[in-house]
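Shown next, in structure tokens, is the structure this report addresses.
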């Protein structure tokens, strides 16, 4: 944890070094004044949606990734193709265009099909992040599962376990330990990319920062704060994942 | 006596390479067969075809009267009647010794956790390592791991046991503790197919010796005749080489 504190202190010292040139106007977020306090409350209020958005998108991405990864590892050509096409196609779409497509385009399709589902900014962002990230998660799962020695599946087969049981009790528990670090990376990626949701009007951290900047004309201070907000989020995730890795024994070798 | 395993004209290719060339083999229930031969002769593949870890491309294999086919359900059923012990043990590293043993019985045979644990303890005593029950595989020696692997197979009440070079990955001083367990099992009347180069062990337990070369069964017979007066040149040469030391 000391390292994290050090990083934050480093940035603070670095930034305060510029203070003599009168470029800073921290009053916009000075908690001792009424308007400063209001601004801070408004900015920090974005945490809720950013966190909600990221967690739901991550869970969906992991579930979707696993569902996409499994057909990619069968001997069936058709199933394999589904996996390849999905991964290559989704991986190739930049996040912002996909967000526009999901938010503005998908409802049109729904309407033409007679389905009455509106997509609000929150679910538009969740869907986009989940789908976009699932292609990467699928590849992580595939790598993790394929890294489990073939002898493990063979041994499972000889004691009569079927495909599902082999995955559930033998392969996935071992694979999960190995893919925890790259999965955590993807989660951090989702948290950061959730900033794009501001473009379609979702009131998360970045959107709120933008709104205050427009009214207060203080981009430097507010975006600086914004950066620290993301930094803190990501550091908390890192810390949590390290703890989880230790608990699950990802760092210990399982090979006999 | 009933036939445990029947193979008729079984062939298999790895790409262009013919690993098994028209194998014909019948193994009776309770019979102990030891398979030997130079590396690449197809002996492992032969054994792995019996429980369908490898899929044969021509011929017919019947196990306890059931013909092996692409039907997954019957294969799972047949598989749970055939135990297999691998050269590399293949224990589940994330599970304790006990959980390694109870996984099959609870998930496949439908035993309760309690019943499975009782059964597992009984078998761990049989392979003489009941005290290791709560350890993880990587905390055990190679010999102990292989004995756990044998116990794991036995937990499924197999009718047939296959051993694919069970002692080849072991340090010399651990070989006998594993062989002792296998001999004990043989004396119990289990049908066994063992791929091994431990000829002393083979003399002791085998009802029949099989010598394979280039995907074919070149010679087979009772151990007495097999070791003292091999009929074929290739077999003679092979025996000379491995019995030299």
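Residue numbers (my numbering), protein chains in the order written: chain A, 1 to 256; chain B, 1001 to 1245. Idealized CB from N, CA, C, for every residue including glycine.
Less than 6 Å between C-beta atoms, sequence neighbours within five positions excluded: which residues of the same chain meet that for residue i?
i: residue 170/A; result: 152 and 156
i: residue 1030/B; result: 1189 and 1191
i: residue 132/A; result: 95 and 98
i: residue 206/A; result: 195 and 198
i: residue 1109/B; result: none
i: residue 213/A; result: 219 and 222
i: residue 978/B; result: Since the first and last residues shown for chain B are 1001 and 1245, residue 978/B lies out of range.
i: residue 40/A; result: 29 and 31
i: residue 82/A; result: 71
With residue i as the anchor, note down where its alpha helix (DSSP H) starts and where it stops.
i: residue 1237/B; result: 1233-1243
i: residue 1203/B; result: 1199-1205
i: residue 111/A; result: 106-112
i: residue 197/A; result: Segment: none, residue 197/A is in no alpha helix (DSSP H) and carries neither H nor E.
i: residue 152/A; result: 150-158
i: residue 60/A; result: 46-69
i: residue 144/A; result: 121-146
i: residue 212/A; result: 205-216
i: residue 1131/B; result: Note, residue 1131/B: premise wrong, no alpha helix (DSSP H); not H, not E.
Could you tell me the distance, in whole angstroms, from the CA atom of residue i to the CA atom of residue j?
i: residue 27/A; j: residue 222/A; result: 11 Å
i: residue 1095/B; j: residue 1136/B; result: 6 Å
i: residue 5/A; j: residue 1134/B; result: 41 Å
i: residue 64/A; j: residue 1102/B; result: 31 Å
i: residue 55/A; j: residue 35/A; result: 32 Å
i: residue 1119/B; j: residue 1181/B; result: 17 Å
i: residue 1163/B; j: residue 248/A; result: 33 Å
i: residue 1151/B; j: residue 1216/B; result: 32 Å
i: residue 117/A; j: residue 106/A; result: 10 Å
i: residue 1218/B; j: residue 244/A; result: 56 Å
i: residue 1055/B; j: residue 1006/B; result: 15 Å
i: residue 1032/B; j: residue 1165/B; result: 15 Å
i: residue 1048/B; j: residue 160/A; result: 15 Å
i: residue 162/A; j: residue 1076/B; result: 7 Å
i: residue 1003/B; j: residue 148/A; result: 36 Å
i: residue 256/A; j: residue 186/A; result: Any reading at residue 256/A needs caution, since the residue's pLDDT is 38, under 50, leaving its predicted position unreliable; the model's value is listed next. If you take the alpha carbons of residue 256/A and residue 186/A, they lie about 30 Å apart.
For residue i, collect the residues of the same chain with a Cβ closer than 8 Å to its Cβ; drop the 5 residues on either side in sequence, then sort them by chain order.
i: residue 1115/B; result: 1105
i: residue 99/A; result: 124, 125, 128, 196, 197, 199 and 200
i: residue 1145/B; result: 1089, 1091 and 1137
i: residue 1238/B; result: 1036, 1037, 1038, 1211 and 1213
i: residue 1148/B; result: 1089, 1091, 1097, 1100, 1101, 1124, 1127, 1129, 1132, 1137 and 1140
i: residue 1198/B; result: 1167, 1175 and 1179
i: residue 1019/B; result: 1012, 1013, 1042, 1045 and 1215
i: residue 1184/B; result: 1126
i: residue 1220/B; result: 1208, 1209, 1210, 1211 and 1226
Between the Cα of residue i and those of the options, spot the shortest distance and give me the residue it belongs to.
i: residue 1194/B; options: 1038/B, 1131/B and 1034/B; result: 1034/B
i: residue 69/A; options: 165/A, 37/A and 146/A; result: 146/A
i: residue 1203/B; options: 1120/B, 1224/B, 1027/B and 1219/B; result: 1224/B
i: residue 1155/B; options: 1098/B, 1220/B, 1032/B and 1209/B; result: 1098/B
i: residue 985/B; options: 22/A, 174/A, 164/A and 217/A; result: Given that chain B is displayed from residue 1001 to residue 1245, the structure contains no residue 985/B and the question cannot be resolved.
i: residue 176/A; options: 137/A, 83/A and 25/A; result: 137/A
i: residue 1070/B; options: 1158/B, 1227/B and 1051/B; result: 1051/B
i: residue 202/A; options: 53/A, 227/A and 81/A; result: 53/A
i: residue 61/A; options: 218/A, 48/A and 130/A; result: 130/A
i: residue 7/A; options: 246/A, 227/A, 243/A and 240/A; result: 227/A
i: residue 1143/B; options: 1177/B, 1160/B and 1111/B; result: 1177/B
i: residue 1209/B; options: 1222/B, 1201/B and 1200/B; result: 1222/B
i: residue 242/A; options: 179/A, 43/A and 37/A; result: 179/A
i: residue 144/A; options: 165/A, 181/A, 187/A and 121/A; result: 181/A
i: residue 1027/B; options: 1233/B, 1080/B and 1063/B; result: 1063/B
i: residue 172/A; options: 88/A, 49/A, 111/A and 67/A; result: 67/A
i: residue 141/A; options: 50/A, 238/A, 43/A and 73/A; result: 73/A
i: residue 134/A; options: 121/A, 59/A and 238/A; result: 59/A
Within the continuous beta strand (DSSP E) that includes residue i, where are the two ends?
i: residue 1013/B; result: 1003-1014
i: residue 1191/B; result: 1191-1195
i: residue 1155/B; result: Taken as a continuous stretch (DSSP letters only), residue 1155/B belongs to no beta strand (DSSP E), as it is neither H nor E.
i: residue 1025/B; result: 1017-1028
i: residue 1211/B; result: 1208-1213
i: residue 1120/B; result: Element bounds for residue 1120/B: not the beta strand (DSSP E) but the alpha helix (DSSP H), 1113-1126.
i: residue 1084/B; result: 1082-1085
i: residue 1060/B; result: 1058-1063
In chain order, what residues of the same chain have a beta carbon less than 7 Å from the beta carbon of residue i, not counting five sequence neighbours either side?
i: residue 1008/B; result: 1024, 1059 and 1060
i: residue 1074/B; result: 1066
i: residue 115/A; result: none
i: residue 45/A; result: 208
i: residue 1242/B; result: 1197 and 1199
Any heavy atom of the ligand ADP closer than 7 Å to the beta-carbon of residue i?
i: residue 37/A; result: In the structure on display, the ligand ADP does not appear, and there are no ligands present to speak of.
Practice item. Please confirm if the stretch 1055-1073 of chain B is in contact with the stretch 116-126 of chain A, defined as three or more CB-CB distances below 8 Å between the two stretches. Key: Too few Cβ pairs lie closer than 8 Å, so no.
Exercise for review: Mind the definition here: the stretch 1083-1095 of chain B touches the stretch 1121-1129 of chain B only if three or more C-beta pairs lie below 8 Å; say whether that holds.
Suggested key: With the cut-off at 8 Å, the stretch 1083-1095 of chain B and the stretch 1121-1129 of chain B do not touch.
Practice item. Say whether the stretch 224-237 of chain A touches the stretch 179-194 of chain A, bearing in mind that this needs 3 or more beta-carbon pairs closer than 8 Å, one atom from each stretch. Key: Counting C-beta pairs with one atom in each stretch, the stretch 224-237 of chain A and the stretch 179-194 of chain A have three or more that are closer than 8 Å, which means they touch.
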